[in-house]
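Chemist:
Residue numbers (mature numbering (1 follows the signal peptide of the UniProt record, and there is no 0)): -29 to -1, 1 to 161.
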């Protein structure tokens, strides 16, 4: 009987310590994230490149199809960070799915300030297989009403946006593809 009480009180103590520790960790992480996010718009995206990643990108001719100079890359990152900061995002019920492949960890439709956008999170393997990656995105999402509503230009526009983002690799993720765009900017890729 005494052993049972000892086991129960030890278990209760361990649980209390674990809950307390996790609360401190969550509060600490939240504080750090919100502090960083408030100071710079770059934290609005899932991945913001380090200086070393930008240098590696600039020094690797395989990736430099759109951003040939540091100024191009900085303009791309700045334009996307500003757009993300000025965007209000909502999701329609039922549009989020657990779609993932060997080249993408996630993909779903979202509404960004009144514009439907396909948000896709590439895996690093996409950098070496963009044609197959485009095929996966097209096969999964091209029948959506958000895509087919703009049937006159959506296929070509979405492909241009995808290729533009993919050429910048993992410098800015996730990629946001907007079927309503009939013209695509090489700076924002939208």
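All C-beta atoms in this analysis are idealised placements derived from N, C-alpha and C, irrespective of residue type, glycine included. What you are looking at is a predicted structure, and each value in this text was computed from that prediction instead of being measured.
Report buried or exposed for residue 28, applying the criterion of at least 16 other Cβ atoms within 10 angstroms of its Cβ.
Modeler: Per the 10 Å Cβ criterion, buried.
Chemist: Which value, in whole angstroms, describes the spacing of the CA atoms of residue 20 and residue 158?
Modeler: Cα to Cα, residue 20 sits roughly 17 Å from residue 158.
Chemist: Is the separation between the beta-carbon of residue 155 and that of residue 138 shorter than 9 Å?
Modeler: Result no, Cβ atoms of residue 155 and residue 138 do not sit closer than 9 Å.
Chemist: Using DSSP's beta-bridge definition, name the partner residues of residue 88.
Modeler: Beta-bridge pairing links residue 88 to 81.
Chemist: Could you tell me whether the Cβ atoms of residue 73 and residue 41 are closer together than 9 Å?
Modeler: Not closer than 9 Å, so no.
Chemist: Alpha helix (DSSP H) containing residue 117: first to last residue?
Modeler: Residues 116 to 119.
Chemist: Quick one: what's got a C-beta closer than 7 Å to residue 115's C-beta in the same chain, skipping five residues either side?
Modeler: Contacts found: 80.
Chemist: How about residue 128 and residue 150: do their beta carbons lie closer than 9 Å?
Modeler: Yes.
Chemist: In the DSSP assignment, find the unbroken beta strand (DSSP E) run with residue 113 in it and report its ends.
Modeler: Note, residue 113: premise wrong, no beta strand (DSSP E); not H, not E.
Chemist: Cα separation between residue 118 and residue 86?
Modeler: About 12 Å.
Chemist: Restricting to Cα atoms, I'd like to know which of 110, 26, 78 is closest to residue 91.
Modeler: Closest by alpha carbon: 78.
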